[in-house]
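S.K.: Here it is: the structure, laid out below.
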Amino acid sequence: MARILLAEDDNSLRGFLTRALERADHEVVACENGDDAIDALDQGPYDLLLTDIVMPGADGIEVARVAAARQPGLRIMFITGFAAVALSAAQASPQAKVLSKPVHLRDLVTEVERMIAA
2 MARILLAEDD NSLRGFLTRA LERADHEVVA CENGDDAIDA LDQGPYDLLL
52 TDIVMPGADG IEVARVAAAR QPGLRIMFIT GFAAVALSAA QASPQAKVLS
102 KPVHLRDLVT EVERMIAA
């Protein structure tokens with residue numbers, strides 16, 4: 002079981018992701034924006050940060066930057082519906098995984114488990 006910090010501003014998608022990850026026996030701390038996710042880092046440590054990139058307040062790249070500084074070695078996975086933003090995220094955090102929306106929940110859980118096992 003992994004402890005996952007999830008930052009996603011879309012309420013329904015955040016709920017779907019949380020339920021899928023919890024069904025896979027992971028503990029999820031879900032946040033509705035980047036600022037809340039940065040605040041939630043104090044509740045760590047986490048095994049994985051799963052963050053949307055485009056959000057109100059701090060964007061996902063900023064959340065990842067702060068998270069990596071506070072918890073070196075934290076695994077990071079971005080999810081985004083914007084191809085250009087995905088490319089930018091991949092360049093900013095080359096060790097991170099970038100998934101494009103729409104993402105199938107089964108594929109997401111598989112990728113999360115691969116990252117945690119690595």
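Residues 2 to 119 (the working numbering) make up the sequence shown, in order.
Glycine included, every Cβ here is placed at the ideal spot set by N, Cα and C.
1. What does the alpha-carbon distance come out to for the pair A87 and A97?
2. Excluding the 5 residues preceding and the 5 following D26 in the sequence, name in chain order all residues of the same chain whose CB lies nearer than 6 Å to its CB.
3. Check the DSSP bridge columns for S101 and list the partner residues they point to.
4. Grab me the residues of V104's own chain with a C-beta within less than 7 Å of its C-beta, minus the 5 sequence neighbours each way, in chain order.
5. Which full runs of the alpha helix (DSSP H) of 4+ residues lie inside the stretch 15-67, going along the chain?
6. Applying the 10 Å Cβ sphere with the 16-neighbour rule, what's the burial state of R76?
7. Helix, strand or coil for A8 per DSSP?
8. Since A118 is in the alpha helix (DSSP H), which residue starts that stretch and which ends it?
9. Kindly list the residues whose CB is nearer than 8 Å to the CB of V30, restricted to its own chain and excluding five residues on each side of it in sequence; keep chain order.
M.R.: In terms of the structure at hand:
1. In this prediction, A87 scores a pLDDT of 49, lower than 50, which makes its location untrustworthy; the coordinate-derived value is nonetheless stated afterwards. Each residue's alpha carbon lies about 11 Å from the other.
2. Leaving aside the five residues that flank D26 on each side, the residues in its chain whose CB is nearer than 6 Å to its CB run, in chain order, M2.
3. In DSSP, S101 forms a bridge with T81.
4. Excluding residues within five positions, the ones whose Cβ falls inside 7 Å are I80.
5. Complete alpha helix (DSSP H) runs here, min 4: 35-41.
6. Buried, because 16 or more other Cβ atoms sit within 10 Å of the Cβ of R76.
7. Three-state result, A8: strand.
8. From DSSP, the alpha helix (DSSP H) with A118 extends over L106 to A118.
9. If you ignore the 5 residues before and after V30, its C-beta comes within less than 8 Å of the C-beta of R4, I5, L6, L7, A41, Q44 and Y47, all in its own chain and listed in chain order.
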